[in-house]
Amino acid sequence: MTSLSSRTVAGRLSRRQQLQRQRAWHFWRTIWHSSLSLGILGGLVLVIRQPLWYLTAPEQIQIQGEALLTDAEIQAKLRLNFPLTLWQVEPQQVAAALLTDPPGLIRAVHLQRQMLPPSLTVWVEERPLLAQATVNGIWGAIDHQGEWISLQDYPRLRHHPGIPKLVVVGWEYVSAGQWAQFLPLLAASPVPIHEVQGTASEGVFAQTELGRVRLGSLGAELLPQQLQALAHMENLQAYCRCRREEILLIDLTSPTRPTLELTAEAMARRGAGRGLEL
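Below, the structure is given as structure tokens:
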């Protein structure tokens with residue numbers, strides 16, 4: 003019995019010592035893991051705080067993709083306060099600043115951070131423009147979707163080669179979808195068109211080198227025929243025996259039967275009324 007009791011006590015002591023060693027091992031392992039995590043976190047904080055990751059001047063921001071706006075104009079709208087870390091630049095805030103001020107001219111923004119050397123690249127995509135247009139006294143442009151956008155904050159763009167020469171008057175009288183569909187055709191007319199006028203009741207007019215042209219309601223099939231008929235009028239003044247300033251209107255609402263409206267003096271020489279069918 004004594005021998006059995008001694009072995010039992012010894013076994014208990016051995017298990018107790020083993021449990022103590024396991025607890026000590028777990029304790030020091032936890033301490034080691036915690037120390038390692040704190041060390042890594044502290045190292046990251048120190049690295050992030052180094053000047054290596056800071057933007058300190060506008061020269062570290064590269065603007066790509068712009069055609070009409072200048073780098074200075076875009077950077078002014080970013081509203082970044084230097085110095086700041088690359089991680090403080092919020093892509094959504096940068097995009098919102100460029101897309102809403104003023105709305106319209108920029109349609110997409112993408113950002114790319116670079117660590118070494120620290121820099122920020124801002125890619126902007128501007129809206130393709132089809133024509134100039136003034137609405138309610140505010141100068142602007144019509145984009146590829148037929149929508150009007152204000153350019154009053156950029157008066158220098160009036161003389162920019164990237165601004166279309168075609169001018170639209172009465173943008174509000176024609177739907178945006180129609181402007182988007184037909185302005186490219188009008189801009190490519192074989193007879194140069196300088197101005198297009200939308201009206202409330204008489205459709206669309208075009209100011210050309212031959213004179214003022216009535217197009218009426220724009221149509222996908224009709225407009226190409228009208229422009230083709232206009233191209234065949236190279237010798238119009240010789241045909242009507244009149245001067246350019248005596249042509250009041252070229253009516254192409256029916257492109258197969260175009261008519262001219264001349265001044266009274268010009269028609270008197272012809273011995274007819276003001277209308278002349280071609």
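Note that the sequence shown ends on residue 280 in this note's numbering; no numbers are left out. Here a beta-carbon is modelled for each residue, glycine too, at the ideal position from N, C-alpha and C.
Assignment of histidine 28 by DSSP, reduced to helix, strand and coil, places it in the helix class.
Pairing valine 171 with glutamate 128, the inter-Cα distance amounts to about 23 Å.
Between leucine 220 and alanine 189, the C-beta gap is not smaller than 8 Å, which leaves the two residues out of contact. In the three-state DSSP reduction, leucine 57 falls in the strand class (E or B). Rounded to whole angstroms, alanine 268 and glutamine 77 show a C-alpha spacing of 59 Å. Contiguous beta strand (DSSP E) elements confined to the region 230 to 266 occur at 249 to 253, 261 to 264, taking only those with 3 or more residues.
For the pair of segments examined, the region 111 to 119 was found not to touch the region 135 to 147: the number of CB pairs separated by less than 8 Å stays below three.
For the options Leu238, His161, Arg271, Ile33, the alpha carbon positioned closest to that of threonine 261 is the one of Leu238. If you draw a straight line from the Cα of leucine 122 to the Cα of isoleucine 165, it comes to about 29 Å.
According to the DSSP assignment, aspartate 145 belongs to the beta strand (DSSP E) that extends over 140 to 145. Only exposed fits isoleucine 33, as fewer than 16 other CB atoms lie within 10 angstroms of its CB. In the displayed model, alanine 208 falls within a strand according to three-state DSSP. Leucine 107 is positioned such that its CB atom lies no closer than 8 Å to that of leucine 82. With fewer than 16 other CB atoms across the displayed protein chains lying within 10 angstroms of its CB, threonine 258 is exposed. For glycine 179, the secondary structure class from DSSP, reduced to helix, strand or coil, is helix. Check the Cα spacing between tyrosine 175 and each of Gly139, Val206, Glu279: the tightest is with Val206.
Scanning Thr87, Pro60, Ala202, Glu211 for the CA closest to the CA of serine 191 turns up Glu211.
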